[in-house]
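In what follows, a structure is listed as structure tokens, so that the remarks can point back to it.
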Amino acid sequence: MGKLDLRLRDLETAELLIASFESEDDAATWLRERPHMMEVLGLIAENSDTAMHQMLREAARPLDPDEAEVVRRMDVADAKARIAREIEHARRATAEAEAHRESMRSADPDRPMQISWSLEGDFVMMDPADEREITAAAREAVLEWVRERDGWVADRGLMVNEAVLTVWPGPLPKGESRVQPGGKFIPAARPASTP
């Protein structure tokens with residue numbers, strides 16, 4: 017096998033390092049004589065030779081008690097930092113979601129709706145922050161669009177199972193169609209009893 021690289025962490029500086037070795041034997045010798053306050057994080061290897069990995073693990077000099085304590089403290093600090101990042105990420109996501117909900121409340125109520133429809137008859141707004149009621153005009157437009165696509169796929173024994181489309185819910189701006197271009201649907205096999 018060619019060169020081996022080990023991932024290391026300097027326990028005095030927390031710096032991450034890479035040590036390269038010409039052979040397994042060189043790496044094993046270094047691991048047995050591992051310098052004080054140098055933690056071995058793992059092997060960077062392109063192969064999955066489990067015997068070689070096991071041999072190197074067994075060759076590594078165990079951490080001294082003072083090294084183990086430093087590793088424990090670092091791991092605790094890393095865990096706390098990770099939790100703090102996750103909390104901050106969640107806080108930002110919540111604030112962004114609330115800002116989006118607020119912008120939806122103050123937006124033009126007659127703006128297009130993006131609606132998801134399913135064969136079970138469910139009409140759902142794609143944006144959970146959009147709290148508008150789906151109008152009767154929008155529902156009828158969705159069903160008409162679905163019926164048209166049913167005709168497209170009927171000769172293949174299929175029918176529309178799910179669809180997502182954008183629809184004007186109220187007054188139509190001049191020159192606009194009720195259903196906007198770009199609608200998508202997922203077909204499913206038509207049951208034998210379905211006309």
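If you use this note's numbering, the sequence shown corresponds to residues 17 to 211, in order.
Cβ atoms here follow ideal geometry from the backbone N, Cα and C, with glycine treated the same way.
Assignment of residue 35 by DSSP, reduced to helix, strand and coil, places it in the strand class.
Residue 182 has 130 as its beta-bridge partners, per DSSP. For residue 99, the secondary structure class from DSSP, reduced to helix, strand or coil, is helix. The alpha helix (DSSP H) runs lying completely inside the segment 60-86 and spanning 4 residues or more are 66-75, given in chain order. Setting aside the 5 residues that flank it on each side, residue 154 is surrounded in the same chain by 129, 131, 183, 185, each with a C-beta closer than 7 Å to its C-beta; the list follows chain order. Membership of residue 24 in the beta strand (DSSP E) is indicated by the continuous run 20-26.
Take the alpha-carbon of residue 110 and the one of residue 78: they are about 45 Å apart.
Under the three-state reduction of DSSP output, residue 205 falls in the strand class. Cβ contact annotation for residue 28 (same chain, cutoff 7 Å, sequence separation greater than five): 53, in chain order. Around the C-beta of residue 32, fewer than 16 other C-beta atoms lie within 10 Å, and the residue is accordingly described as exposed. In the structure shown, the three-state DSSP call for residue 141 is strand.
If you check the CB distance, residue 43 and residue 67 do not come in under 9 Å.
Checking the DSSP bridge columns, you'll see residue 195 partnered with 183.
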